[in-house]
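J.: Chains as they are written, first to last, in our numbering: chain A, 1245 to 1438; chain B, 487 to 672.
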Amino acid sequence: MKRLLPLPLPLLLLMLFTAGARAEPASYVLDPERSFVHWEVLHFGTSTVRGRFGPVAGEVSLDRSAGRGAVSLRMVTTNIDTGVRPFNSRLREADLLASSEFPEAYFVATRFRFEGGKLAEVRGEFTLRGVSQPLSLNARRFGCRTETERDGGREICGGDFEASFDRSDFGMTFGLPWIANRVRLLIQVEGRRS
Amino acid sequence: MSYSPLVVAAALLAGGTAAAAPYAIDPTHTFVSFDASLFDLSTARGRFDRKEGSLDFDPAARSGRAEIEIDTTSLNTGVAALDRLLQALLDTEHHPSARFVGERFSFNGDKLAEVAGTLTLRGRSQPLVLKATRFDCYLNPLLLRRVCGGDFEATLVRSEWGLAGGTEVGLAETLRLMVQVEAIKP
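1) How many whole angstroms separate the CB atoms of proline 513 of chain B and glutamate 538 of chain B, which I take to be in contact at a CB cut-off of 8 Å?
2) Would you kindly report the start and end of the unbroken alpha helix (DSSP H) that includes phenylalanine 1331 of chain A?
3) May I ask you to list, following chain order, the residues of the segment 1280-1303 of chain A that have a beta carbon less than 8 Å from some beta carbon of chain B?
4) Confirm, please, whether the CB-CB distance from glycine 651 of chain B to leucine 575 of chain B is below 7 Å.
5) Roughly how many angstroms lie between the CA atoms of valine 1285 of chain A and valine 665 of chain B, to the nearest whole one?
6) Quick check: glycine 1311 of chain A and phenylalanine 1358 of chain A, are their CB atoms within less than 7 Å of each other?
7) Within 10 angstroms of the Cβ of proline 1330 of chain A, are there 16 or more other Cβ atoms? Answer buried if so, exposed if not.
8) I need the straight-line Cα distance from aspartate 1325 of chain A to threonine 1292 of chain A, nearest angstrom please.
9) Can you tell me whether DSSP reads glutamate 1359 of chain A as helix, strand or coil?
10) Note down, in chain order, all residues in the segment 566-585 of chain B with a beta-carbon under 8 Å from any beta-carbon belonging to chain A.
11) Measuring only the C-alpha atoms, how far is alanine 640 of chain B from leucine 616 of chain B?
12) Give me the Cα-Cα distance between glutamate 579 of chain B and alanine 510 of chain B, rounded to the nearest whole angstrom.
13) Could you check how far apart the C-beta atoms of phenylalanine 586 of chain B and glycine 603 of chain B are, in whole angstroms? I think they sit under 8 Å.
14) DSSP puts glutamate 538 of chain B in a beta bridge; with which residues?
15) What does a CB cutoff of less than 8 Å around arginine 531 of chain B pick up in its chain, not counting 5 residues either side in sequence?
16) I'd like the span of the alpha helix (DSSP H) that includes aspartate 569 of chain B, first residue to last.
17) Going by beta carbon distance, what residues of the same chain come within less than 7 Å of valine 1427 of chain A, once the five residues before and after it are set aside?
18) Could you give the distance in angstroms between the alpha-carbon of arginine 632 of chain B and the alpha-carbon of serine 549 of chain B?
19) Leaving out five residues on either side along the sequence, give the residues of the same chain with a beta carbon under 6 Å from the beta carbon of leucine 607 of chain B.
20) Arginine 1389 of chain A touches chain B at which residues, Cβ-Cβ below 9 Å?
21) Roughly how many angstroms separate the alpha carbons of serine 1376 of chain A and asparagine 594 of chain B, rounded to a whole number?
22) Thinking just about the alpha-carbon of each residue, which of B:Val655, B:Glu654 and B:Leu625 is nearest to the one in tryptophan 1422 of chain A?
23) Would you say serine 519 of chain B reaches chain A, if we count a Cβ-Cβ gap shorter than 7 Å as a contact?
24) Going by alpha carbons, who is nearest to phenylalanine 621 of chain B out of B:Asp535, B:Pro545 and B:Leu629?
25) To test your reading of the DSSP string, which unbroken beta strand (DSSP E) runs of 3 or more residues are found completely within the segment 1340-1393 of chain A?
26) Could you compute how far the alpha carbon of valine 643 of chain B sits from the alpha carbon of alanine 1383 of chain A?
27) Shorter than 7 Å from the beta carbon of arginine 533 of chain B to some beta carbon of chain A?
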């Protein structure tokens, strides 16, 4: 069974921004060449295994002056890539990512926290393997630039985020405790203004 | 995976006598990854998929030697255009391999602190220090072999290896290297 987003993002954004005054949220579509989720898991307490999901697809709406935003990210779990093919296949199996039953993972958030005008945290819900849990992304950095005229001259906003969760919270207990429960996510996102 | 008792016994016997043989790097648990900041905005990450190497480690004598050779054409960020750009920067056509040889192991108490050595990249050899985030040896219960492994980090200043270019993606002058190593006793 494929879990659908609780509400379509445009509706979510409409509800969020019509509630406020005449806020002017800007919309961004994620750049597939600059949007990836990398993960790290400790192996036998000794070395760190790394892998990635991506490119991540999604939309972001941001009203920096009002300090608000909304984000919707989608990851295809079948394209998990560790650089080791048998390991990728093993991770897609039913007791881990269960990719055939749950081919996508989602992150949806409407709670943006700014500190002194800077984006500090995005709190939302992460759905993986059909299980939804709260997840908070901490912004390591976030900013905007204008691309060159040749590339279209549009505004690009993006940054680096970090999050972590226990994989057992999503029903993935294989290999515990040799393969750690804690999963660290390193998220690169860049969105081009629509 | 399953191992016959005979294979296990042979492995244990070999492990008891072959103290001098170097550990062979396990390519499925050994990766050189890197963080590359683009336009000071976000961080692209990549890794090299093909590598081989060996590790000699004597905790009692506090000495060791690590050697890892990387196929630079196996650079993989998940973005074909970025792979091409970075491979051009490394001139992988003329320099399809890079090599790190670490010969100076320093310790902080009983813990391995860093491995200093030489990185040869794009045909140029320069000193590089890998700082150990963690390092340990253990008996792997699946392989029934002794495994030594850890995580290392280094900062690579591009100009020291003549890695010019990358302005079209706003590539930062310094790259962060993250090295995962696991090596199995023969």
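Glycine residues also receive a C-beta, built at the ideal position from the N, C-alpha and C atoms.
T.: Reading it off the structure:
1) The residue given as residue 513 of chain B occupies position 27 in the second sequence. The residue given as residue 538 of chain B occupies position 52 in the second sequence. With a Cβ gap of about 7 Å, proline 513 of chain B and glutamate 538 of chain B count as contacting.
2) Counted from its first residue, the first sequence places residue 1331 of chain A at position 87. Per DSSP, phenylalanine 1331 of chain A belongs to the alpha helix (DSSP H) from 1329-1335.
3) Phe1280, His1282, His1287, Phe1288, Gly1289, Thr1290, Ser1291, Thr1292, Val1293, Arg1294, Arg1296, Gly1298 and Pro1299
4) Here the question's residue 575 of chain B lines up with position 89 in the second sequence. Here the question's residue 651 of chain B lines up with position 165 in the second sequence. Result yes, Cβ atoms of leucine 575 of chain B and glycine 651 of chain B sit closer than 7 Å.
5) Taking the first sequence and counting its residues from 1, one reaches residue 1285 of chain A at position 41. Taking the second sequence and counting its residues from 1, one reaches residue 665 of chain B at position 179. Approximately 14 Å between the Cα atoms of the pair.
6) Stepping through the first sequence from its first residue, residue 1311 of chain A is reached at position 67. Stepping through the first sequence from its first residue, residue 1358 of chain A is reached at position 114. Taking 7 Å as the Cβ cut-off, glycine 1311 of chain A and phenylalanine 1358 of chain A qualify as a contacting pair.
7) On the first sequence, position 86 is the one that residue 1330 of chain A refers to. The residue is exposed, with fewer than 16 neighbouring Cβ atoms inside 10 Å.
8) Your numbering for residue 1325 of chain A matches position 81 in the first sequence. Your numbering for residue 1292 of chain A matches position 48 in the first sequence. Each residue's alpha carbon lies about 15 Å from the other.
9) Position 115 of the first sequence, counting from 1, holds the residue named residue 1359 of chain A. When secondary structure is reduced to three states using DSSP, glutamate 1359 of chain A falls in the strand class.
10) Ala567 and Leu568
11) Residue numbering aside, residue 640 of chain B sits at position 154 when the second sequence is read from its first letter. Residue numbering aside, residue 616 of chain B sits at position 130 when the second sequence is read from its first letter. Taking the straight line joining both Cα atoms gives about 5 Å.
12) Locating residue 579 of chain B in the second sequence gives position 93, where the first residue counts as 1. Locating residue 510 of chain B in the second sequence gives position 24, where the first residue counts as 1. Whole-angstrom Cα-Cα distance: 28 Å.
13) On the second sequence, residue 586 of chain B is found 100 positions in, with the first residue counted as 1. On the second sequence, residue 603 of chain B is found 117 positions in, with the first residue counted as 1. Right, the Cβ-Cβ distance comes to about 6 Å (below 8 Å), so this counts as a contact.
14) Looking up residue 538 of chain B in the second sequence gives position 52. In DSSP, glutamate 538 of chain B forms a bridge with B:Glu555.
15) Taking the first residue of the second sequence as position 1, residue 531 of chain B is located at position 45. Once the five neighbours on either side are set aside, the close Cβ partners of arginine 531 of chain B are Ser519, Phe520, Asp521, Ala522 and Thr563.
16) Translated into positions along the second sequence, residue 569 of chain B becomes position 83. Run containing aspartate 569 of chain B: 566-575, per the alpha helix (DSSP H) assignment.
17) Walking along the first sequence from the start, residue 1427 of chain A turns up at place 183. These residues qualify, in order along the chain: Trp1283, Val1285, Ser1408, Phe1409 and Arg1411.
18) Along the second sequence, one-based indexing puts residue 632 of chain B at 146. Along the second sequence, one-based indexing puts residue 549 of chain B at 63. So the two alpha carbons sit approximately 18 Å from each other.
19) If you number the second sequence from 1, residue 607 of chain B lands on position 121. The beta carbon of leucine 607 of chain B lies closer than 6 Å to those of Ala584 and Trp647 in the same chain, with the five residues before and after it left out.
20) Translated into positions along the first sequence, residue 1389 of chain A becomes position 145. Ordered by position in chain B, the residues that pass the 9 Å Cβ test against arginine 1389 of chain A are Phe525, Asp526, Leu527 and Gly656.
21) Taking the first sequence and counting its residues from 1, the one referred to as residue 1376 of chain A is at position 132. Taking the second sequence and counting its residues from 1, the one referred to as residue 594 of chain B is at position 108. Between serine 1376 of chain A and asparagine 594 of chain B, the C-alpha separation is close to 43 Å.
22) Residue mapping note: residue 1422 of chain A aligns to position 178 of the first sequence, counting from 1. It is B:Leu625.
23) Working through the second sequence from its first residue, we reach residue 519 of chain B at position 33. True, the Cβ-Cβ gap to chain A drops below 7 Å.
24) On the second sequence, position 135 is the one that residue 621 of chain B refers to. Among B:Asp535, B:Pro545 and B:Leu629, the Cα nearest to that of phenylalanine 621 of chain B belongs to B:Pro545.
25) 1348-1359, 1362-1372 and 1375-1390
26) Taking the first residue of the second sequence as position 1, residue 643 of chain B is located at position 157. Taking the first residue of the first sequence as position 1, residue 1383 of chain A is located at position 139. Cα-Cα distance, rounded: 25 Å.
27) Residue numbering aside, residue 533 of chain B sits at position 47 when the second sequence is read from its first letter. It does; some Cβ of chain A falls within 7 Å.
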